[in-house]
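Heads up: the sequence shown runs through residues 103 to 456, numbered per our numbering.
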Amino acid sequence: MRLRTTLVTAVSTASALMLITACGGGSGTAASSDGKPLVGVDYPRSDTDFWNSYIKYTPDYAKQLDLSLKTTNSQNDIAKLASNALTFISQGVKGIAMAPQDTAAIAPTLAQLEAKKIPVVTVDTRPDSGKVFMVVRADNRAYGEKACQYLGTKLDGKGKVVMLEGGLDSINGRDRTEAFNECMKKNYPHIKVFGEATNWDGAVAAQKLQTDLTAHPDIKGVYMESSFALASTLQVLKQKGLLVGPQDKKHVFVVSNDGIPEELKDIAAGKIDATVSQPADLYAKYALYYLKAAIDGKSFKPGKTDHNSTIIQVREGLLEDQLSAPLVTADGGTYGGMASVKSDDTSLWGNNLG
103 MRLRTTLVTA
113 VSTASALMLI
123 TACGGGSGTA
133 ASSDGKPLVG
143 VDYPRSDTDF
153 WNSYIKYTPD
163 YAKQLDLSLK
173 TTNSQNDIAK
183 LASNALTFIS
193 QGVKGIAMAP
203 QDTAAIAPTL
213 AQLEAKKIPV
223 VTVDTRPDSG
233 KVFMVVRADN
243 RAYGEKACQY
253 LGTKLDGKGK
263 VVMLEGGLDS
273 INGRDRTEAF
283 NECMKKNYPH
293 IKVFGEATNW
303 DGAVAAQKLQ
313 TDLTAHPDIK
323 GVYMESSFAL
333 ASTLQVLKQK
343 GLLVGPQDKK
353 HVFVVSNDGI
363 PEELKDIAAG
373 KIDATVSQPA
383 DLYAKYALYY
393 LKAAIDGKSF
403 KPGKTDHNST
413 IIQVREGLLE
423 DQLSAPLVTA
433 DGGTYGGMAS
443 VKSDDTSLWG
453 NNLG
């Protein structure tokens, strides 16, 4: 089934790219009718609070940066993303921002857009190969390390935890998983980690967590690699009689990733314990910022930025702006050397959606 799906995706992607090649477009196409540079943003999905927040921020920042905007939604489908690239080219965009969830399969689309001289900024994910103008992302290895240090500290270096992995076809899933495992092995060797592949699917996460808790009722920690598993994790803990406050000896320590408003509320209520606030607002802002810079002919080098981040060179010709993504806890304490901010801190985007 996996092989058949892969082949269908490859054929669909190739078909879309042949259509792209047949179309005009690129740097010679016209701007929007209002004279502002026209850019395209492909939303990767709209079934999570995090990405819905990103979708909400994008038009606001396009307006602030004086850009005209076209949008599509690839719904976590790499073939649809290739088709959406065709749509953008036919609309005459000057640049494209995208967040490919399959970071290997996006390479042909990137090569085609490079040939058309249409700059691309990828958001949240980094392509495994291919060239883009800038990657706008946070340090996803740090996500795994922060979760590890928090749980390791809370469990006094011993016990059992479940890691609800994202998709390992994504650089984000790989980075978070590998960093969490490496940190545990190095710093907390007496903690047993049950790694569960979920492909960013909350129902799958719930089923596997349920199975683990049944087989190992002494599990005391859960690391979910994004808020996709928040509701289902809390439901499983509630069914097991484990959704209790941090002072209760039955409490299972839960760390998430994203920093959506619901996570912040759940930390304050004692339902979960920590998250890593992935900056949905800044992803939207700097994706468009770098597209405009590319259109204006600007270039960047590795080093500190003026917006509290660091640009690194991932490989030859590929730069990544690693935006700040703080650990968030109820008390704003330091865990395993990792500083955190309190869940009610007004600097967190999840507290400022309005």
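Just so you know, even glycine gets a beta-carbon here, dropped at the ideal spot from N, CA and C.
Since this is a predicted model, take the numbers as computed values, not measurements.
In the DSSP assignment, ASN175 falls within the unbroken beta strand (DSSP E) covering 170-175.
Leaving aside the five residues that flank TYR392 on each side, the residues in its chain whose CB is nearer than 7 Å to its CB run, in chain order, VAL223, PHE235, MET236, VAL238.
Scanning MET286, ASP398, ALA209 for the CA closest to the CA of PRO139 turns up ASP398. Contact between the segment 404-415 and the segment 348-360 is absent, with fewer than three C-beta pairs closer than 8 Å.
Look at the beta carbons and you see the segment 358-373 not touching the segment 416-426: under three pairs across the two are nearer than 8 Å. For the pair SER334 and GLY361, the CB atoms are not nearer than the 7 Å cut-off. Here the alpha carbon of GLY435 sits roughly 13 Å from the alpha carbon of THR377. The DSSP-derived three-state label of LEU257 is coil. Following the DSSP letters along the chain, one finds LYS444 inside the beta strand (DSSP E) bounded by residues 440-444.
Residue pairing by DSSP places MET200 opposite THR224 in a beta bridge.
Between the alpha carbons of THR150 and ASP144 lies a distance of about 15 Å. Beyond the five residues adjoining it in sequence on each side, LYS233 comes within less than 7 Å, by CB distance, of LEU212, GLU216, GLY419, LEU420 in the same chain, given in chain order. The segment 252-268 and the segment 438-447 touch, with no fewer than 3 CB-CB distances between them shorter than 8 Å. The beta carbon of HIS292 lies closer than 7 Å to those of GLY259, LYS260 in the same chain, with the five residues before and after it left out. When C-alpha distances from PRO348 are compared across LEU332, LEU336, LYS340, ASP375, the shortest belongs to ASP375. For VAL346, no alpha helix (DSSP H) encloses it, and the DSSP letter there is neither H nor E. With fewer than 16 other Cβ atoms inside 10 Å of its own Cβ, GLY343 counts as exposed.
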